[in-house]
Each structure stands twice: as C-alpha cells, then as structure tokens.
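Participant:
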Amino acid sequence: MFKDTFRRGNGILVLCDSYNIVGDLIPTNKRYDAAKICNHPVVAAEGPWFDIEQEYTILHKDFKWSIGSRAGVSQGSQGPYYCGVSVGEAFGWDVVNAHYKACLCTGINIDGINGEDASVQW
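According to our numbering, the sequence shown holds residues 13 to 134 in order.
#1: Look at the Cβ atom of Tyr44, then the Cβ atom of Asp63, and state whether they are nearer than 8 angstroms.
#2: Can you tell me whether Lys15 is helix, strand or coil according to DSSP?
#3: My assumption, with CB atoms under 8 angstroms, is that Ile125 sits in contact with Trp134. Please give the rounded CB distance.
#4: Identify which residue in Asn22, Lys42, Trp105 and Gly104 has its Cα closest to the Cα of Glu65.
#5: Based on the DSSP secondary-structure assignment, which residues constitute the bridge partners of Leu25?
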C-alpha cells in the first residue's frame, strides 16, 4: 500500500493480485508467481526486483486524435518516434514527468520513463 499523492487526501493506492469471481488467478496476474519465486530463500538472498510497465497514449480530450498531430493526419510509421526523446518526436513530456514525480512522492520505486512506438505513447 502507498499513500495516494495523486489525489491529495487520506487515500491509499493498493497494488494487489487479481482474481476472477470464483477465486482463480486471472491470466494477467503475474505478481502472484513472481512473489512466489522472489520469496524463495535462494532468490530472496539476491535481492531481486520485479518490474511492471505501465503504458499509456496521450490523446486530445475529444479522443479524435493524439496530441502533437493534426486532426485526421496519420503520424505514419513508428520509425521516427520509437523511443523518441526530442521535440517533434515525443509529445506529452509534462504529463509523463508529472506521473514520474507523483510515483516517486508516493513511494513507488520507478526506474525510468521511455517513449514507445508513437510520439504520444509512453
């Protein structure tokens, strides 16, 4: 559990396992198996890290097109944008940096940020 610094109140964020209605692990619940492995004494002695990736795409509020692009104009192939870091290649840095800082303030260990396939995909 982590203090919820995103909403600035007394709330908490809870990272947990996910199960279906009958109590079985859902297929995307990788944390359960990772915890089992990482808690094995031999593995635990090594101080392992388990990493998850949270990807998101930043869109205009009306959801018709992504920020940094013109209405109805495709950005084309991922070539110029893949892992982009500069002006014209990566848009939404203000959102990405705010998300990064909020995670750190919350106490969530975050090891970095990176651009993905599109100019607004992080």
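Positions of the beta carbon are idealized from the N, C-alpha and C atoms, including for glycine.
Facilitator: Taking the geometry as given:
#1: no
#2: strand
#3: 7 angstroms
#4: Of Asn22, Lys42, Trp105 and Gly104, the smallest CA-CA separation from Glu65 is found for Lys42.
#5: Phe14
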